[in-house]
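Student:
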Amino acid sequence: LGRLLVRWLHNMNIEKTAVIEEDEDEGEPMLHLTIFEGEKLIARDMLTSDPYVLVKYGKEMAKTAYMKSTLNPFWGEEIPPMTMEHGSDMVELTCMDLDINDDDFMGYCRFDPFAWVFGTEGASVSRSKEGWVDLVPRELNKEDQDLYKKNNSNFGRLRIKVTLKGDLTKVEGAKLDISKAHALEREGEEVSVDQLKREGGKLTV
Numbered sequence: 032l033g034r035l036l037v038r039w040l041h042n043m044n045i046e047k048t049a050v051i052e053e054d055e056d057e058g059e060p061m062l063h064l065t066i067f068e069g070e071k072l073i074a075r076d077m078l079t080s081d082p083y084v085l086v087k088y089g090k091e092m093a094k095t096a097y098m099k100s101t102l103n104p105f106w107g108e109e110i111p112p113m114t115m116e117h118g119s120d121m122v123e124l125t126c127m128d129l130d131i132n133d134d135d136f137m138g139y140c141r142f143d144p145f146a147w148v149f150g151t152e153g154a155s156v157s158r159s160k161e162g163w164v165d166l167v168p169r170e171l172n173k174e175d176q177d178l179y180k181k182n183n184s185n186f187g188r189l190r191i192k193v194t195l196k197g198d199l200t201k202v203e204g205a206k207l208d209i210s211k212a213h214a215l216e217r218e219g220e221e222v223s224v225d226q227l228k229r230e231g232g233k234l235t236v
């Protein structure tokens, strides 16, 4: 009964926000994140776990629902849109196992949403990317490192989708002049790093 109450309270605290529909190049810059599933996660409750994902981006935080007794959870959950303010802000995902007392750490990843979507050279003009991210120990955390070694240096992975909407030129320190890239895209042209440089696109990798 205690564990059921904890799970109910966890899921009741998940913020539900409607997705804002707007033109890609207009409005405030927003990060949209979907967490689809986890694969080969580690067991923290005997032979299984009750995993959920904590999301942190800039000053904002969110979390998914928990999935009961599985190491291959499917959430298919869209996180409420998060405001993009600084190009240096990283998306942080922490996978946790829901427990009655303290929840247990299951893995972590941290990435630059601009690099994730546009590539390390900023050459792509697509605003959305879906794929897998590997879970690893948190830096400078000996307990995490020991747990990682115990699990053959494998915490599993998450399948996610990141979409960047709104006027991304408003993001301080953004790595790419998005408006120029999309102007070229609308003309039906292939956009390369060299072309962006020639055409005046700002590229600061």
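With this note's numbering as the guide, the letters of the sequence shown map in order to residues 32 to 236.
Even for Gly, the Cβ is constructed at its ideal location relative to N, Cα and C.
Have a look at E161 and S80 and give me their C-alpha separation to the nearest angstrom.
Tutor: For E161 and S80, the distance between alpha carbons rounds to 25 Å.
Student: As an exercise, report each continuous beta strand (DSSP E) stretch of at least 3 residues that is fully enclosed by the region 67-102, in chain order.
Tutor: 82-88 and 91-94
Student: Using the C-alpha atoms, what's the distance from R158 back to N183?
Tutor: 35 Å
Student: Which residues in the same chain have their Cβ closer than 6 Å to the Cβ of V148, if we skip the five residues on either side of it in sequence?
Tutor: K160, V193 and L195
Student: Ignoring anything shorter than 4 residues, give me the alpha helix (DSSP H) runs that lie fully in the region 131-176, in order along the chain.
Tutor: 144-149
Student: Within 10 Å of its beta-carbon, does L78 have 16 or more other beta-carbons around it, so buried, or fewer, so exposed?
Tutor: exposed
Student: Can you give me the start and stop residues for the beta strand (DSSP E) that K192 sits inside?
Tutor: R188 to K196
Student: Quick check on the burial criterion: 16 or more other C-beta atoms within 10 angstroms. Buried or exposed for K197?
Tutor: What sits at residue 197 in the sequence shown is Gly, not Lys. With 16 or more other Cβ atoms within 10 Å, it is buried.
Student: Can you tell me whether D165 is buried or exposed, with buried defined as 16 or more other CB within 10 angstroms of its CB?
Tutor: That one is exposed.
Student: Less than 8 Å between the C-beta atoms of M137 and C126, yes or no?
Tutor: yes
Student: So D120 is in the beta strand (DSSP E); what residue range does that whole segment cover?
Tutor: Where D120 is concerned, there is no enclosing beta strand (DSSP E), given that its DSSP letter is neither H nor E.
Student: Quick check on the burial criterion: 16 or more other C-beta atoms within 10 angstroms. Buried or exposed for D177?
Tutor: exposed
Student: Rounded to the nearest angstrom, how far is the Cβ of P144 from that of V122, given a contact under 8 Å?
Tutor: 5 Å
Student: Determine the extent of the beta strand (DSSP E) in which P112 is found, giving its start and end residues.
Tutor: F105 to T114
Student: Within the same chain, show all residues whose beta-carbon is closer than 6 Å to that of V84, passing over the 5 residues directly before and after it, in chain order.
Tutor: Non-local beta-carbon contacts of V84 in its own chain, meaning distances under 6 Å to residues more than five positions away in sequence, involve I66, T95, L124 and C126 in chain order.
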